[in-house]
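Residue numbers (my numbering), protein chains in the order written: chain E, 1181 to 1538; chain W, 1181 to 1538.
Quick reminder that beta carbons are idealized off the backbone N, C-alpha and C, glycines included.
Since we're looking at a predicted model, the values are computed, not measured.
Right, one structure below, let's go through it.
Given below as structure tokens:
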């Protein structure tokens, strides 16, 4: 039986992609590109080609159980881990690690967000395979770092060290999202990679790291050892998970550990974090407009991204650099450069008009 | 039995209000303001309060028979005159006049578009009543002229003469839509009124005018005298109507006749010809945005008009002076100043994507 496992984290709400991404149907469940497969489904497909189906787990919110079952009918219900509350990535990963360890004490695990875009699946598979092999023989925490092709200010960066091991580079430091000037310096230096949020490790390596850097989380889940993969697991989780600190794996573990390595990759990756990110990687027409799915006629208009249901038609005139997004009775028109405010717009809508449109 | 009749012309397609106004459901059939009554229904209601229901006729296109029956259930089917083809207003009015003359040889007729907005119904009724009385005793062609409140360039103007008759002013000339400079001169002079397209006359006055200025149309319909209000009428019309010249009543008769009078009125009128006209007369919020029916949140946005179905929400940021209109799977965003091109956009859509969106 394969010792390779996968954990897909799919509990987010994707509020920066409102109004396409909604509380009841967030980004990871959407067929962004009209291909017939949602981001979650595409993520699953990628892993399902290299990891046994029964070794793939989804961690998500209780709200989304039906959506996950509908979109991933190959998964058994016990492969869906339902967080009772949102607690960021560290508690999520700790639980999944203990759950998997109870199935396979020597498991190698790749952890991935559900809602990223990857263009080159073959190269992606190759990187994951190599990584799983590397972590099976070394007590390391491996992350995939994307070779940057422009000075992106929306991503965190990873600085690499000179030290290498079997071709994998030691991580010197993780950095927060830089401003444009700093991002340019990072990219030119050749020492920095984008932090993809995709991790690979042996289950014992990550649990040791939790023990060292997040003892509170570690103790809490360690206490549940006798419950994982039993009928009592959810009772234990519902009691203990909400009590965990709300902390990311990056901040809680990766930035503190000294055995972190990075594999520099270039498989056409985007975290699809914003409309602008989607614009950047989408095919543009002669006027640099991007139309996702819908039919469009544009006059005196440039550099816009337009997203409406596929049976819709959009005619724009005299618009430059806008996001035009319509879904489920909500239309948003907003300058691309103001896209970070979309979350706030959605909050204002909630305050003024209630949950219906969120 | 009342000798007063009404002809409502409702066969247009309202293409300047695309995408709200569609070939299958043009402007006159829309509930523009969310009041529960369409423009046609409101027009009917206004006349129905002063003219017997059985004396009200609608001339429309065969395409819209079901819509008219649905929206005006008080009308009998023989009160709906179906044009086999669009031939502008002169042939339409000639037919309706002959049709009515066969019912009442001394009929007084008010002719009105179906899709205008009138705010002060009491004053409107009063004007119509006075006009019907005036034309019943005088061989004149009366038109209602709106006292202009701004130098509108979207309307034709009527210049008045010094000559008066019972308080009605003789018309000196009809003018085409002026440019802004000329419109300003018109308004300041006090000699000009907006041409409303609402006419009042005795049936014999208008038929005499047709005989004099449009002998071709006159002869054609005169030949049908024995068919009006018989089972053979539509056979005669289907044969003869399409052969009529495509000509407006203004150009074909009113501009040529010497017995044209105008009644200067101010009952809050708009021909609702364009989004801009609708914007001008609608209530604005603090940022001078107009929202028809839908819920809206606007940031850094001014002087826009927003129209979507009433259960929709629109969030705009950074837009000035735009039309934002969405209906039936079509979204249009266009600068208000470019609204005259909306017809062309709709034509382009037809060429590129077929009839579905038109």
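Residue 1520 of chain W at chain E interface by Cβ criterion, 8 Å = With a threshold of 8 Å between beta carbons, residue 1520 of chain W makes no contact with chain E.
Practice prompt. For the beta strand (DSSP E) holding residue 1476 of chain E, just list the boundary residues, first then last.
Written response: Start and end: 1475-1479.
Pull up the CB-CB distance for residue 1492 of chain W and residue 1511 of chain E, whole angstroms please, since I reckon it's below 8 Å.
Yes, residue 1492 of chain W and residue 1511 of chain E are in contact; Cβ-Cβ is about 7 Å, under 8 Å.
**Asked** Under three-state DSSP, which class holds residue 1223 of chain W?
**Response** Correct three-state label for residue 1223 of chain W: helix.
Can you list, in chain order, the residues of its chain whose CB lies under 7 Å from that of residue 1355 of chain W, leaving out five sequence neighbours each side?
Result list for residue 1355 of chain W: 1336, 1337, 1339, in chain order.
- If you compare alpha carbons, which of E/1487, E/1479, E/1445, E/1440 is closest to residue 1462 of chain E? Among E/1487, E/1479, E/1445, E/1440, the Cα nearest to that of residue 1462 of chain E belongs to E/1487.
In the structure shown, what three-state DSSP assignment does residue 1462 of chain E receive? Of the three classes helix, strand and coil, the one that applies to residue 1462 of chain E here is coil, per DSSP.
- List the residues that DSSP assigns as beta-bridge partners of residue 1340 of chain E. Residue pairing for residue 1340 of chain E: DSSP places it in a beta bridge opposite E/1351.
**Prompt:** In chain W, which residues lie less than 9 Å from residue 1483 of chain E when you measure between Cβ atoms?
**Reply:** Per Cβ cutoff of 9 Å: no residues; residue 1483 of chain E is ~14 Å from chain W at best.
Once DSSP output is grouped into helix, strand and coil, what is the label at residue 1538 of chain W? Of the three classes helix, strand and coil, the one that applies to residue 1538 of chain W here is coil, per DSSP.
When the Cα of residue 1196 of chain E is compared with those of E/1275, E/1418, E/1524, E/1347, which residue comes out closest? Minimum Cα distance to residue 1196 of chain E is reached at E/1524.
Quiz item: Looking at the unbroken alpha helix (DSSP H) that takes in residue 1367 of chain W, where does it start and where does it end?
Solution: Membership of residue 1367 of chain W in the alpha helix (DSSP H) is indicated by the continuous run 1360-1369.
**OP:** State yes or no: is the C-beta of residue 1184 of chain W within less than 8 Å of the C-beta of residue 1288 of chain W?
**Re:** Less than 8 Å divides the Cβ of residue 1184 of chain W from the Cβ of residue 1288 of chain W.
Problem set entry | Below-8 Å beta-carbon distance, residue 1539 of chain W vs any chain E residue | Residue 1539 of chain W is absent from the model: chain W starts at 1181 and stops at 1538.
Chain-ordered chain E contacts of residue 1525 of chain W [CB-CB under 8 Å]: Within 8 Å Cβ-Cβ: 1477, 1479, 1495, 1497.
Is the shortest distance between the beta-carbon of residue 1228 of chain W and the beta-carbons of chain E less than 8 Å?
Cβ-Cβ to chain E under 8 Å: no for residue 1228 of chain W.
**Asked** According to the Cβ coordinates, are residue 1507 of chain W and residue 1200 of chain W closer than 8 Å?
**Response** Taking 8 Å as the Cβ cut-off, residue 1507 of chain W and residue 1200 of chain W qualify as a contacting pair.
Notebook entry, point to check: For residue 1476 of chain W, which option in W/1334, W/1371, W/1497 has the closest C-alpha, if you only look at C-alpha atoms?
Noted result: If we check each option's Cα against that of residue 1476 of chain W, W/1497 comes out closest.
| message | Residues of chain E with CB closer than 7 Å to the CB of residue 1537 of chain W, please, in chain order. | response | Within 7 Å Cβ-Cβ: 1493.
Query raised in the report: Cβ of residue 1407 of chain E less than 8 Å from any chain A Cβ?
Result: Note that chain A does not occur in the displayed structure, where the protein chains are E and W.
When you compare the CB of residue 1532 of chain W with every CB in chain E, is at least one pair closer than 8 Å? Closer than 8 Å: yes.
Could you give the DSSP three-state label for residue 1482 of chain W: helix, strand or coil?
Here residue 1482 of chain W sits in strand by DSSP.
Cβ pair residue 1447 of chain E, residue 1229 of chain E closer than 8 Å:
No, they are not a contact pair.
task: Check the Cβ-Cβ distances between residue 1300 of chain W and every residue of chain E, and say whether any is below 8 Å.
output: For residue 1300 of chain W, not one C-beta of chain E is nearer than 8 Å to its own C-beta.
Check your understanding: Quick one: is residue 1409 of chain W buried, meaning 16 or more other Cβ sit within 10 Å of its Cβ, or exposed?
Key -> With fewer than 16 other beta carbons inside 10 angstroms of its own, residue 1409 of chain W counts as exposed.
Review point. Alpha carbon to alpha carbon, how far is residue 1444 of chain W from residue 1479 of chain W?
Key: If you draw a straight line from the Cα of residue 1444 of chain W to the Cα of residue 1479 of chain W, it comes to about 42 Å.
Self-check item: Interface residues of chain W facing residue 1435 of chain E [CB-CB closer than 7 Å]
Solution: The premise fails here: residue 1435 of chain E is roughly 35 Å from chain W at the closest Cβ pair, so nothing lies under 7 Å.
Could you say if the region 1422-1437 of chain E and the region 1261-1277 of chain E meet the contact criterion of at least three C-beta pairs nearer than 8 Å?
-> Flag = yes, the region 1422-1437 of chain E and the region 1261-1277 of chain E touch.
Is the shortest distance between the beta-carbon of residue 1511 of chain W and the beta-carbons of chain E less than 8 Å?
Chain E contact via Cβ: present.
Closest to residue 1418 of chain E by CA distance: which of E/1205, E/1218, E/1242, E/1277 is it? The residue with the shortest Cα to Cα distance from residue 1418 of chain E is E/1242.
Original post:
Taking the continuous alpha helix (DSSP H) assigned at residue 1272 of chain E, which residues delimit it?
Top reply: Per DSSP, residue 1272 of chain E belongs to the alpha helix (DSSP H) from 1269-1283.
### Message
Could you compute how far the alpha carbon of residue 1505 of chain W sits from the alpha carbon of residue 1474 of chain E?
### Response
Approximately 16 Å between the Cα atoms of the pair.
Determine the chain W residues that contact residue 1488 of chain E at a beta-carbon separation under 8 Å, and present them in chain order. Near residue 1488 of chain E (Cβ distances below 8 Å), the residues of chain W are 1511.
Quiz prompt | Nearest-angstrom Cα separation, counted from residue 1532 of chain W out to residue 1490 of chain E | solution = Rounded to whole angstroms, residue 1490 of chain E to residue 1532 of chain W spans 16 Å at the Cα level.
query: Taking residue 1467 of chain E as the reference, which of E/1499, E/1451, E/1352, E/1457 has the closest Cα?
result: Of the residues E/1499, E/1451, E/1352, E/1457, the one whose Cα lies closest to the Cα of residue 1467 of chain E is E/1499.
Smallest Cα separation from residue 1293 of chain E: which of E/1342, E/1192, E/1527, E/1438?
When only C-alpha atoms are compared, the closest one is E/1192.
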